[in-house]
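I have placed the structure first, in the form of structure tokens, so that the comments after it can refer back to it.
There are 2 protein chains.
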Amino acid sequence: MKFTINRDHFVQSVQHVSKAISPRTTIPVLTGIKIVASEDGVTLTGSDSDISIESFIPKEDEDIQLVEIEEPGSIVLQARFFAEIVKKLPEETIELTVADQFATTLKSGSSVFNLNGLDPDEYPRLPEIEEDNVFKLPADLLKNIIRQTVFAVSTVETRPILTGVNWAIEEGQLMCTATDSHRLAMRNVSVETNTNELSFSNVVIPGKSLNELNKILDDNNELTDIIVTENQILFKAKNILFFSRLLDGNYPATKNMIPTQSKTSVTLDTKKFLQAIERALLLSRDGKNNVVNLKTIGNGQLEITSVTPEVGKVTEDIVPLEFAGEELRISFNGKNIIDALKVIDSTDVKIDFTGAMSPFVMKPTEHDNMLHLFSPVRTY
Amino acid sequence: MKFTINRDHFVQSVQHVSKAISPRTTIPVLTGIKIVASEDGVTLTGSDSDISIESFIPKEDEDIQLVEIEEPGSIVLQARFFAEIVKKLPEETIELTVADQFATTLKSGSSVFNLNGLDPDEYPRLPEIEEDNVFKLPADLLKNIIRQTVFAVSTVETRPILTGVNWAIEEGQLMCTATDSHRLAMRNVSVETNTNELSFSNVVIPGKSLNELNKILDDNNELTDIIVTENQILFKAKNILFFSRLLDGNYPATKNMIPTQSKTSVTLDTKKFLQAIERALLLSRDGKNNVVNLKTIGNGQLEITSVTPEVGKVTEDIVPLEFAGEELRISFNGKNIIDALKVIDSTDVKIDFTGAMSPFVMKPTEHDNMLHLFSPVRTY
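Protein chains in written order, with numbering that gives the first Met the number 0: chain A, 0 to 379; chain B, 0 to 379.
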């Protein structure tokens, strides 16, 4: 194998596929990046068998030559340091040559790296996925959906299914749900499908996969194709394939957990509410489980407090934009509220409480495609 | 005590004095910040008994009122979270009130923090320093001197004196030296003194103190007063006093360690040499102690190599700007060379070798106020 490649494009591809590679893999060849040179260009692959990422560098892009293939072929090179080696090479192009015994040479200007390659035939094949059921989302919207739900997944393995985000499609509506059983985030969006009959309900994508995908996707409105199979999901963006295993098991039914009535309802300025909770959290972070107290103090006013006996107490007075219903006294995990407030793209939020011991719902006021649910915390 | 203070100035002062505070102190009151309000303004103090920092906020600065004192007094408040509390308060000004039992209230807009204060009478006094022997350095030059030497101090406590930078003044010349016994950095500079007879030789400032001082000093050319006593050094910048304990013991004589002859001499482009060593280090970082090999390959050319058998080999060819003397083959710690190259403010550097087993000297070509010495590494 022998080719010359544009360094910057090579660096970016190496960084992309490296996101799938874990140094703790039990399959030695998966510590490497597979590089395949064909007549069309160069394909890189990284995988930890849960996530697999393929990045393609075409021979030309917008009339600029990116790769010159002298001899097609393939090799696997240790991912460790490889991104840094490539990034630090002195010239704009890099020549990669593979000789006998997978002996690989990277040349750039006066710099020469001789690297021990691995046998590319040992590298596992990527799953083959039939593209019958495809739906599409612009990359920037997909990134938003991920950001607005993935923070709420569980980070403990006691119920593995909760470490993923549940995706369901019904009548052209994608509904994404994440919960760690103390809080829940839900996001709806209309999607383009290639068939009106596309529907599924128990597709659970590992939170880790979505976080890595989010890092790789460009923030533009180019459409990403999404294909779901029995146990895999594939995201196809420009020159990138991102495969993720799906989680086994049944995602809990969450729809009927959401209260439909309200006993106390307040509308708040999102930013001011966020900052007040952030200040209250300063005195409840340590060993106090982030517990923040909220109570009505008459005249439709709210008071937020938090106490750490050794340090002191913080009191925040808030005048809601709107207030309706009963007086209330409730405690909750302030950090969960902050996580949600940070992803709500609305100037104001509306919170509906159904009593001190019942879950409460927070929604943006400006649109209806997002909902956050929180359990209260018992403080007595 | 009661005063109202500009939040941004208060935040900055709290951040400055916090740099001296260690949560692991054995003196409980030193986990706090001492705040003293007098007719002139507010003084904050932080200390871990090695370093003490005092920051003063005057009543007015450039005709802008910063503090309004209603009642002078003093208090000690827990440093933990305090910087963050102050930073997150909602309004431009903060009202601080101390009532009985050191009960302190911070008020800003609709936000109220009630904090448990500590008795200010328990706070240790700062050392009193006689200002007989003062010399001056512009803050930006002082920052440079620190940056160009402190990286070379020892980070292990086997010879505690080497964890500091040695300062000596003779005939108006300040000479700063740092060494970890494998490499040495030396920096000379002319200073203004209030007496021509100012001279000292065994002033050893802890590297940690210099690093903290460097973070606090503004990058401008305002003069900093420096006062040295038996066991303390004091830096006086605008509204800041920075005290550091000096290290006990005798700093080793370093002058006669520096070779005066040369068997092989090369002049190199600083940036190209730095990048070549950085690439060579990519294959010698892990368990290879950063060993990089350099040899002459005839025609006045150099080759830099580094090998990790499991991974591969890197070869860098360099054509020196100038070459004189014998052929050479030497190995050294590449990271030490990089540390020095990063602080050398000269386009080219000159290296003088005195054989494969002897220390070698690297100097900027553009001026004579800096010198770096390195021990070679035995590789056979």
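Ideal placement from N, C-alpha and C gives every residue a C-beta, glycine not left out.
Once you ignore the five residues that flank residue i on each side, which residues in its own chain have a CB closer than 8 Å to its CB?
{"i": "A/Asn249", "result": "Ile160 and Asn201"}
{"i": "B/Ala82", "result": "Val10, Val13, Gln14 and Ser17"}
{"i": "B/Val376", "result": "Asn288, Val290, Ser330, Phe331 and Asn332"}
{"i": "B/Lys312", "result": "Leu282, Thr304, Ser305 and Val306"}
{"i": "B/Leu76", "result": "Gly31, Ile32, Ile34, Thr103, Leu114, Gly116 and Leu117"}
{"i": "A/Pro57", "result": "Asp39, Gly40, Leu65, Val66 and Asn238"}
{"i": "A/Leu125", "result": "Thr44, Ser46, Ser51, Glu53, Leu240 and Phe242"}
{"i": "B/Asn195", "result": "Gly171"}
{"i": "A/Leu221", "result": "The residue you asked about is not Leu; residue 221 of chain A is Glu in the sequence shown. The residues are Pro137, Ala138, Ala236 and Lys237."}
{"i": "B/Thr378", "result": "Val290, Asn292 and Ser330"}
Considering only C-alpha positions, which residue in the set the options is nearest to residue i?
{"i": "A/Gly299", "options": "A/Ile317, A/Val310 and A/Lys270", "result": "A/Ile317"}
{"i": "B/Thr259", "options": "B/Leu370, B/Ile215, B/Leu293 and B/Val342", "result": "B/Leu370"}
{"i": "B/Glu191", "options": "B/Met256, B/Ala184, B/Ile215 and B/Leu140", "result": "B/Leu140"}
{"i": "B/His181", "options": "B/Arg23, B/Asp7, B/Ile336 and B/Lys18", "result": "B/Ile336"}
{"i": "B/Pro205", "options": "B/Cys175, B/Thr194, B/Phe199 and B/Asp224", "result": "B/Cys175"}
{"i": "B/Thr269", "options": "B/Ser198, B/Lys87, B/Thr346 and B/Leu282", "result": "B/Thr346"}
{"i": "B/Lys33", "options": "B/Ala19, B/Arg23 and B/Ile215", "result": "B/Ala19"}
{"i": "B/Asp351", "options": "B/Pro123, B/Leu105 and B/Ser374", "result": "B/Ser374"}
{"i": "B/Leu114", "options": "A/Ile226, A/Val310 and A/Lys254", "result": "A/Val310"}
{"i": "B/Gly31", "options": "B/Ser37, B/Ser21 and B/Asp39", "result": "B/Ser21"}
{"i": "A/Asn368", "options": "A/Leu125, A/Asn143, A/Thr25 and A/Phe272", "result": "A/Asn143"}
{"i": "B/Asp338", "options": "B/Ile276, B/Phe359 and B/Glu156", "result": "B/Ile276"}
{"i": "A/Asp217", "options": "A/Tyr122, A/Ala138, A/Gly354 and A/Ser357", "result": "A/Ala138"}
{"i": "A/Thr96", "options": "A/Lys87, A/Leu280 and A/Ser107", "result": "A/Ser107"}
{"i": "A/Val227", "options": "A/Ile93, A/Glu127, A/Val342 and A/Ala78", "result": "A/Glu127"}
{"i": "B/Ser73", "options": "B/Thr42, B/Ser357, B/Glu221 and B/Thr194", "result": "B/Thr42"}
{"i": "A/Gly354", "options": "A/Lys294, A/Lys334 and A/Ile343", "result": "A/Lys294"}
{"i": "B/Ser357", "options": "B/Lys334, B/Lys341, B/Asp179 and B/Arg328", "result": "B/Arg328"}
{"i": "B/Arg158", "options": "B/Leu173, B/Trp166 and B/Asp179", "result": "B/Asp179"}
{"i": "A/Gly171", "options": "A/Arg79, A/Asn187, A/Ile343 and A/Pro27", "result": "A/Asn187"}
{"i": "A/Pro71", "options": "A/Ile63, A/Val28 and A/Ala36", "result": "A/Ala36"}
{"i": "B/Gly163", "options": "B/His8, B/Val203 and B/Thr194", "result": "B/Val203"}
{"i": "A/Asn165", "options": "A/Leu246, A/Glu94, A/Phe55 and A/Ser189", "result": "A/Leu246"}
{"i": "B/Arg278", "options": "A/Phe359, A/Ile84, A/Ile63 and A/Val155", "result": "A/Ile84"}
{"i": "B/Ile343", "options": "B/Glu325, B/Phe272 and B/Pro308", "result": "B/Phe272"}
Since residue i and residue j should fall inside the 8 Å C-beta cutoff, what is the C-beta to C-beta distance between them, to a whole number of angstroms?
{"i": "B/Phe112", "j": "B/Val66", "result": "Going by Cβ atoms, the distance from B/Phe112 to B/Val66 rounds to 19 Å, so no, they are not a contact pair."}
{"i": "A/Ser110", "j": "B/Glu315", "result": "5 Å"}
{"i": "A/Phe101", "j": "A/Asp118", "result": "6 Å"}
{"i": "A/Phe241", "j": "A/Gln231", "result": "Not quite, the Cβ-Cβ distance comes to about 11 Å (not below 8 Å), so this is no contact."}
{"i": "B/Thr24", "j": "B/Asp47", "result": "6 Å"}
{"i": "A/Gln274", "j": "B/Lys87", "result": "7 Å"}
{"i": "A/Asn5", "j": "A/Glu91", "result": "7 Å"}
{"i": "B/Arg146", "j": "B/Asn213", "result": "7 Å"}
{"i": "B/Lys341", "j": "B/Leu280", "result": "That belief does not hold up - the Cβ atoms of B/Lys341 and B/Leu280 are roughly 13 Å apart, past 8 Å."}
Is residue i a contact residue of the ligand GDP, with contact defined as CB to any heavy atom under 7 Å?
{"i": "A/Gly206", "result": "Questions concerning the ligand GDP fall outside what the structure shown contains, since it holds no ligand whatsoever."}
Excluding five sequence neighbours on each side, which residues of the same chain lie with their C-beta closer than 7 Å to the C-beta of residue i?
{"i": "A/Glu69", "result": "Lys1 and Phe2"}
{"i": "B/Asp224", "result": "Val133, Lys135 and Lys235"}
{"i": "B/Ala219", "result": "The displayed chain sequence assigns Asn, not Ala, to residue 219 of chain B. Excluding sequence neighbours, B/Asn219 sits near Ala138 and Asp139."}
{"i": "A/Leu197", "result": "Asn132, Phe134 and Ile168"}
{"i": "A/Phe199", "result": "Ala167, Ile168 and Val227"}
Return the chain-ordered list of same chain residues with a C-beta closer than 6 Å to the C-beta of residue i, the five sequence neighbours on each side being excluded.
{"i": "A/Asn292", "result": "Thr304 and Ser330"}
{"i": "A/Ile296", "result": "Glu302"}
{"i": "A/Asp49", "result": "Arg244"}
{"i": "A/Lys349", "result": "Thr266, Lys362 and Thr364"}
{"i": "B/Ser208", "result": "Ile50 and Ser243"}
{"i": "B/Ala184", "result": "Thr148, Ala151, Ala177 and His371"}
{"i": "B/Tyr122", "result": "Val28, Lys33 and Val75"}
{"i": "B/Val360", "result": "Asp351 and Leu372"}
{"i": "B/Ser153", "result": "Leu161, Thr162 and Asp179"}
{"i": "A/Glu94", "result": "Thr3 and Lys106"}
(request) Could I get the ranges of all uninterrupted alpha helix (DSSP H) runs contained in the segment 57 to 122 of chain A, with 4 residues as the minimum, in chain order? (result) 81 to 87
(request) Please determine if the segment 355 to 374 of chain A and the segment 7 to 18 of chain B are in contact, where contact requires at least 3 C-beta pairs separated by less than 8 Å. (result) no
(request) Any chance you could list the beta strand (DSSP E) runs of at least 3 consecutive residues sitting entirely within the segment 152 to 225 of chain A, in chain order? (result) 163 to 169, 172 to 178, 182 to 189 and 199 to 205
(request) Evaluate contact between the segment 263 to 280 of chain A and the segment 315 to 329 of chain A, counting only Cβ atoms and requiring at least three cross-stretch pairs below 8 Å. (result) yes
(message) Going residue by residue through the segment 256 to 341 of chain B, where are the continuous alpha helix (DSSP H) segments of at least 4 residues, counting only ones entirely within it?
(response) 269 to 281
(request) Jot down the residue ranges of each uninterrupted beta strand (DSSP E) in the segment 118 to 150 of chain B, minimum 3 residues, whole runs only, in chain order. (result) 133 to 137
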